[in-house]
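**Student:**
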Amino acid sequence: MRPEPPILSARGVARRFGQQIALHPVDLDVWPGEVVALVGPNGAGKSTLLALLAGALEPSEGRIERREGVRVGWMPQRPAHYGRLSARQNLELFARLEREADPGLAAEQALTGFELPADDRPAAALSVGNRQRLDLAIAMLARPTALLLDEPTAALDPRQRRRLWEAAAALKGAAGAVVLVTQNVEDLERVADRVALLLDGRMVFEGSVEEYRASAAAVFA
Amino acid sequence: MRPAALILRKDLAVLRRSPVLLAILVAYPLMIAVLIGLMATYANAKPRVGFVDEDNLPDTIVVAGKTFHVDRTIREVSHNVKLVDLSPNEARRELDAGRLVAVITIPEGFLATLQGLVQSPTLVLDTGQGGITPRVRQQMQALVYNLNLRLQRAFIKADLEYVGLLLHGGRGKVLGHSFHVLGLDGTQRMLQGLPRGKRLDAIRDFVHDARLALALTGTAIRATANPIKLEEAPQQGRTWVLSAQVQAYALALTISFLALLLSAGALAAERDENVIGRLSRGLVGLGQLVWAKVALAAAVALGLGASIALIFGIAIQAANVTGGEPWQRLPLLLVGLVLSGAGLGAMGAAIGGFAREARTASLVAILVVLPIVFLGLVPREIVPPAGWISDAFPFTHAVRFFNSSLYQSRPWGTLGREAAWLAGIVAAYGAVARVGVRRLLV
């Protein structure tokens with residue numbers, strides 16, 4: 673038994689898109705102070721589960737439970753910001769929507785912290801890496817307790833990647849939690865405490881990284 | 061409503077940062093409005109009519125003692141058509157090719173029959189098969205009417221000269237023979253010199269009565285020739301292009317295109333930008349998102365509509381048009397612009413929600429807006445079902461609201477009714493959009 677209730681829980685959560693089942697009923701608890709990695713091949717339902725945990729999708733079945741007071745930051749796989757607005761305008765808008773007391777200051781801090789261009793260029797004209805950093809910065813604006821990241825390091829350079837993991841470690845240390853979707857074994861080994869493996873929309877494994885490492889060969893065989 | 065206001069502000073910022081898109085969105089409906097205007101002008105254009113003279117009319121002819129300049133007279137009475145002199149074969153060819161809408165032929169012997177004053181000569185009208193044939197026929201009937209009117213005046217004048225001769229006496233000429241007439245005046249003078257007597261007194265009475273009666277002949281003949289006269293009041297009002305109706309249609313058409321397209325595209329773009337998931341996580345409710353687009357359409361309709369109304373008003377003042385621009389009514393017009401923009405915005409949001417993609421939404425919006433506008437242009441008195449269908453869309457109510465707010469002396473009844481219609485349309489399409497917007501999350 674853990675001393676605290678989970679930060680986020682999926683209870684029998686399933687999702688259909690029309691006739692297609694993207695995720696069969698799944699249970700998952702995310703506890704304070706841990707990093708959970710969702711792994712599996714393409715189309716396994718990882719991003720769907722992450723979006724459900726983020727509240728960006730409504731479950732077709734089951735429910736998502738969020739501990740009271742928990743703030744969730746979500747960074748989807750595809751860029752999720754306004755391409756015609758500049759990075760600063762995007763950050764200010766989402767800071768306002770997050771009810772930040774000083775949206776201008778929050779945007780300025782995010783621009784500096786994530787090394788984003790502060791000029792007036794539209795976000796659509798930024799590099800893939802910059803756009804991913806902008807998404808991450810938007811996800812962090814709410815000072816989340818739970819950070820949900822979908823393939824976060826795909827377009828980050830090694831320095832940015834290191835800074836991301838430092839931020840994740842800081843969140844974990846502050847009794848927060850990180851859930852990340854990844855295909856990257858190095859990321860998994862480096863930051864994850866627990867692994868959930870999805871195959872064809874079903875969760876087929878849940879356990880520690882060591883257990884996963886031991887059973888992975890058998891699962892994929 | 062704070063999140064909706066933030067999304068509205070964001071949309072306006074996106075628009076400001078897309079000047080080319082904005083220019084196209086403004087220019088396109090204005091261009092359509094101008095084209096419809098040109099079409100309406102073309103409807104009043106002079107049709108090209110062939111003129112074939114098989115009688116070889118001379119430059120001048122004399123009918124009933126009056127000289128007519130043939131060419132000048134025909135041009136004067138044919139101001140509604142453009143006459144083109146052609147040979148019979150050329151005229152036939154041009155008519156068959158559709159380059160002429162009709163051919164009017166003066167057959168051989170026309171002038172002799174006309175000058176004979178016994179039979180009515182005939183003009184021959186040959187029309188094409190085009191859609192404006194009935195209009196051309198009417199215009200040619202008007203041409204013959206005008207020609208008859210000229211000749212009639214000449215005939216009446218000639219007749220009255222004979223009457224004058226009978227009345228006052230003098231020298232006259234008929235069929236080349238000169239003669240002298242004593243006239244009733246001369247007869248009366250001669251009778252005054254004769255002694256009184258029962259039979260002579262009867263003749264005197266007759267001459268007196270005849271003089272009085274003949275003095276009224278001119279008025280009587282003119283009245284018989286034209287039992288009813290049509291007098292056209294001098295034109296002092298607005299020209300076609302500055303009319304209230306045109307202003308109302310131009311405003312409604314422009315904002316219909318712009319508001320519908322913007323709202324549909326802007327809502328679907330939230331999904332295209334992959335932002336809908338972020339917003340729906342408690343930052344902005346789906347209902348608020350719909351109302352943000354409705355507000356966007358209303359704001360843009362207000363801004364653009366007010367600018368057009370301002371330009372129109374300045375043009376009216378500059379042209380010194382009678383009545384001028386009713387500036388004090390502009391606030392009412394602004395209310396109409398907001399309501400119409402909101403109605404169109406709600407409809408656009410419904411399209412955007414169900415279409416899901418910005419490109420599809422914009423295409424559907426364009427496909428939808430044209431029939432709505434054209435339905436609204438069909439007079440409901442002529443095609444009642446078009447009016448009933450049109451009632452379900454904002455365009456026709458916008459036209460009536462604008463027209464009434466600017467130019468009706470007692471607009472309140474119409475304004476209240478149309479405002480209620482528009483509010484109902486906002487609510488109905490808003491509810492549909494609220495259902496449709498859920499599709500963006502898929």
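In order, the protein sequences belong to chains A and B.
Under this note's numbering, residues 673 to 893 are what the first sequence spells out, in order.
Under this note's numbering, residues 61 to 502 are what the second sequence spells out, in order.
Each residue gets a CB set at the ideal place from its N, CA and C atoms; glycine is no exception.
V744/A CB to nearest chain E CB: under 9 Å?
**Tutor:** In the displayed structure, chain E is absent; the protein chains listed are A and B.
**Student:** What are the residues that DSSP puts in a beta bridge with P818/A?
**Tutor:** Note on residue identity: the sequence assigns Ala, not Pro, to residue 818/A. For A818/A, which the question treats as bridged, DSSP gives the partners V744/A, A849/A.
**Student:** Can at least three beta-carbon pairs, one atom from the region 350-359 of chain B and one from the region 765-781 of chain A, be found at a separation below 8 Å?
**Tutor:** no
**Student:** Helix, strand or coil for V711/A? Go by DSSP, reduced to three states.
**Tutor:** strand
**Student:** Can you tell me whether DSSP reads D872/A as helix, strand or coil?
**Tutor:** coil
**Student:** Go ahead and pull the three-state DSSP assignment for A893/A.
**Tutor:** Low local confidence applies: a pLDDT of 38 at A893/A is under 50, so the model's placement there is unreliable, with the coordinate-based value given in what follows. In this structure, A893/A counts as coil in the three-state DSSP scheme.
**Student:** Counting beta carbon pairs with one atom in the region 402-413 of chain B and one in the region 317-326 of chain B, are three or more of them shorter than 8 Å?
**Tutor:** yes
**Student:** Can you list the residues of chain A that V74/B reaches, using a CB-CB cut of under 8 Å?
**Tutor:** Close to V74/B, with beta-carbon spacing below 8 Å, are these residues of chain A in chain order: Y754, R756, L757.
**Student:** Under DSSP, the alpha helix (DSSP H) around R210/B begins and ends at which residues?
**Tutor:** 193-228
**Student:** Please say whether G745/A and A790/A have beta carbons closer to each other than 9 Å?
**Tutor:** no
**Student:** Within the same chain, show all residues whose beta-carbon is closer than 7 Å to that of A329/B, passing over the 5 residues directly before and after it, in chain order.
**Tutor:** A418
**Student:** Compare the beta carbon distance of L852/A and Y884/A with 9 Å and say whether it is the shorter of the two.
**Tutor:** no
**Student:** So if DSSP puts Q179/B in a beta bridge, which residue, or which two residues, is it bridged to?
**Tutor:** The partner list for Q179/B (beta bridge, DSSP) is empty, contrary to what the question assumes.
**Student:** Can you name the residues of chain A whose CB is closer than 8 Å to the CB of R77/B?
**Tutor:** R756, L757, P794
**Student:** Taking only beta-carbon atoms, is L806/A less than 9 Å away from chain B?
**Tutor:** no
**Student:** Quick one: using the 10 Å Cβ neighbour count with 16 as the cut-off for buried, is T519/B buried or exposed?
**Tutor:** In the structure displayed, chain B extends from 61 to 502; residue 519/B sits before or after that span and is not available.
**Student:** Show which residues of chain A have a CB atom less than 7 Å away from the CB atom of P63/B.
**Tutor:** Within chain A, the C-beta atoms nearer than 7 Å to that of P63/B come from L769, in chain order.
**Student:** Report the residue from P391/B, Y88/B, G345/B, G325/B whose alpha carbon sits nearest the alpha carbon of V424/B.
**Tutor:** G325/B
**Student:** Just checking: is the beta-carbon of Q691/A within a distance shorter than 9 Å of some beta-carbon in chain B?
**Tutor:** no
**Student:** In this structure, how does DSSP classify P789/A when only helix, strand and coil are distinguished?
**Tutor:** coil
**Student:** Since V74/B and Y754/A should fall inside the 8 Å C-beta cutoff, what is the C-beta to C-beta distance between them, to a whole number of angstroms?
**Tutor:** 7 Å
**Student:** What residue does the alpha helix (DSSP H) around Q692/A start on, and which one ends it?
**Tutor:** Secondary structure note for Q692/A: it is in no alpha helix (DSSP H), and the uninterrupted beta strand (DSSP E) holding it is 692-702.
**Student:** Of all Cβ atoms in chain A, is any one closer than 9 Å to the Cβ of S323/B?
**Tutor:** no
**Student:** Looking at the structure shown, is S323/B part of a helix, part of a strand, or coil, going by DSSP?
**Tutor:** If DSSP states are grouped into helix, strand and coil, S323/B belongs with the helices.
**Student:** Among residues of its own chain, excluding the 5 on either side of V685/A, which ones have a beta-carbon nearer than 6 Å to its beta-carbon?
**Tutor:** V698, L724, P731, G734
**Student:** Can you tell me which of G243/B, A162/B, P386/B puts its alpha carbon nearest to the alpha carbon of R195/B?
**Tutor:** A162/B
**Student:** Does the beta carbon of G337/B come closer than 9 Å to any beta carbon on chain A?
**Tutor:** yes
**Student:** Answer with yes or no whether the minimum CB distance from L394/B to chain A is below 9 Å.
**Tutor:** no
**Student:** Please check if any C-beta of chain A sits within less than 9 Å of the C-beta of G413/B.
**Tutor:** no
**Student:** Identify whether R862/A lies in helix, strand or coil by the three-state DSSP scheme.
**Tutor:** helix
**Student:** Give me the residue from V204/B, V438/B, I315/B, Q199/B with the minimum Cα distance to P89/B.
**Tutor:** I315/B
**Student:** When the Cα atoms are used, what is the spatial distance from L244/B to K142/B?
**Tutor:** 50 Å
**Student:** Kindly indicate if chain A contains any beta-carbon less than 9 Å away from that of K353/B.
**Tutor:** No, K353/B lies away from the interface with chain A (no Cβ there is under 9 Å from its Cβ).
**Student:** Among the residues of its own chain, which have a CB less than 8 Å from the CB of V344/B, if the five just before and after it don't count?
**Tutor:** P63, A64, L66, I67, A352
**Student:** Say whether the region 757-771 of chain A touches the region 784-804 of chain A, bearing in mind that this needs 3 or more beta-carbon pairs closer than 8 Å, one atom from each stretch.
**Tutor:** yes
**Student:** Please identify, using Cβ separations under 8 Å, the residues of the region 725-744 of chain A that lie next to chain B, in order along the chain.
**Tutor:** A726, G727, A728, L729, E730, V744
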